[in-house]
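Be aware that the sequence shown starts at -18, since it is given in our numbering, and climbs by one per residue.
Glycine included, C-beta positions come from ideal geometry on N, C-alpha and C.
Note sheet for the following structure.
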Amino acid sequence: MISISPKTKRFLLFIIKVLIVGGAFYFIYSQLANNDKLDWQKFLVLFQKNYSLGGIAFLLLLSILNRLFEILKWQILVSFLHKITLPEATKQVLGALTTGLFTPNGVGEYAGKALFFEKSKAKKIVFLNLICNGIQMILSVVFGIFGLLYFNANYNIITTKTVSLLFSIVFVFFLSLFFLKKITIKGYSIEKLIHKINEIPKTIHQKNIFLAICRYLVFSHQYYFLFLAFDVDLPYFILMATIASVYFLASSLPTFQFLDFAVKGSVAVYFFGILGVNEWIVVFISTLMWFLNVVLPVVIGSYYVMNFKIKIEQ
-18 MISISPKTKR
-8 FLLFIIKVLI
2 VGGAFYFIYS
12 QLANNDKLDW
22 QKFLVLFQKN
32 YSLGGIAFLL
42 LLSILNRLFE
52 ILKWQILVSF
62 LHKITLPEAT
72 KQVLGALTTG
82 LFTPNGVGEY
92 AGKALFFEKS
102 KAKKIVFLNL
112 ICNGIQMILS
122 VVFGIFGLLY
132 FNANYNIITT
142 KTVSLLFSIV
152 FVFFLSLFFL
162 KKITIKGYSI
172 EKLIHKINEI
182 PKTIHQKNIF
192 LAICRYLVFS
202 HQYYFLFLAF
212 DVDLPYFILM
222 ATIASVYFLA
232 SSLPTFQFLD
242 FAVKGSVAVY
252 FFGILGVNEW
262 IVVFISTLMW
272 FLNVVLPVVI
282 GSYYVMNFKI
292 KIEQ
């Protein structure tokens, strides 16, 4: 077996951290600089017209609240194992976000968080992160379905027959899960998963759900206020229903974090196009949402990645 000296291990760890951070900044730059759909001249004209320090501060505040709610969710969930401070939770969430930037649907985030804990707790940390992200996904589905129904009721994108068929498929899917919950595959089953979830105190679940709802309302309304800033004049419920639909459908598609705005932008262009919103406005707003809620946290997370230390045996 090849033996690697502690000095070599530290150097390899440093290279990995540089590659993660360097790759993150490269992809951010390439997506912003090489996107032909971003009309910067139109953006600058509109920005100068509607420029407001208060408005910028408000949007930044919403971005901070968005991540703060996520950090608080993680701090509360981890308290099931042991208590961590808010700065420690911040380091873990933002560091893991940066690590998961290159992985499909941010799965690298799971490994990123696990690295902050002992190996013996790795499975439990991955499970807690699944709970943390799972409730956010469930909310996106619930709000998204209602959003789609409301949107469809006003614009008749799909027929009533198709809607009924989709609900039937969903009903059969969940019914199948109920009857198959005891089937075990490699030691895992739905029943065992439910049992593990129930081991976590109800107060933790309640706080997790409350913070997840707060986070959803924050980033969806940030999207809404950006449309207002771009002079998009549409009824509140139509706009919010469309935003909910876009997040639901875009979140259902497998993608990478650094391409998140491109996927959401493509789905948004279709839906907002039906509402008569200019494509360049939709693309810009999707890009700004990505910049405010992914790029800025990744910049801070890069600091935590570069300062991450792992115990190396001598």
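DSSP places Glu172 in the helix class (H, G or I) of the three-state scheme. For Ala193 against Leu120, the beta-carbon gap comes to about 6 Å, under 8 Å, which counts as contact. Of the candidates Phe148, Ser149, Asn274 and Phe152, Asn274 places its Cα closest to the Cα of Tyr204.
When only Cα atoms are considered, Ser33 and Gly89 end up about 37 Å apart. If you check the CB distance, Ser247 and Met221 do not come in under 8 Å. A direct Cα-to-Cα measurement between Ile219 and Ser226 gives close to 10 Å. In the three-state reduction of the DSSP assignment, Pro68 falls in the helix class, which pools H, G and I.
The beta carbon of Tyr131 is closer than 6 Å to those of Ala222 in its chain, skipping five residues each way along the sequence. For the 8 Å CB-CB criterion, Val74 and Glu99 do not form a contact. Counting only the Cα atoms, Lys102 lies some 27 Å from Arg196. Spatial neighbours of Val213 in its own chain (CB-CB distance under 6 Å, excluding positions within 5 residues in sequence) are listed in chain order as Val258. Using a Cβ distance threshold of 8 Å, Val279 and Leu82 count as a contacting pair. Following the DSSP letters along the chain, one finds Lys105 inside the alpha helix (DSSP H) bounded by residues Ala103 to Tyr136.
Looking only at His176, Gly115, Ile175 and Gly254, the smallest Cα-Cα distance to Ser232 is reached by Gly115. Here Leu58 has Leu109, Ile112, Cys113, Ile185 and Asn189 as same chain residues with Cβ atoms under 7 Å from its own Cβ, once five neighbours each way along the sequence are excluded.
Cβ contact annotation for Ser60 (same chain, cutoff 8 Å, sequence separation greater than five): Ile185, in chain order.
The criterion of a C-beta distance shorter than 8 Å is satisfied by Ile266 and Phe208.
If you look at Leu41, you'll find it in the alpha helix (DSSP H) that goes Leu34 to Val59.
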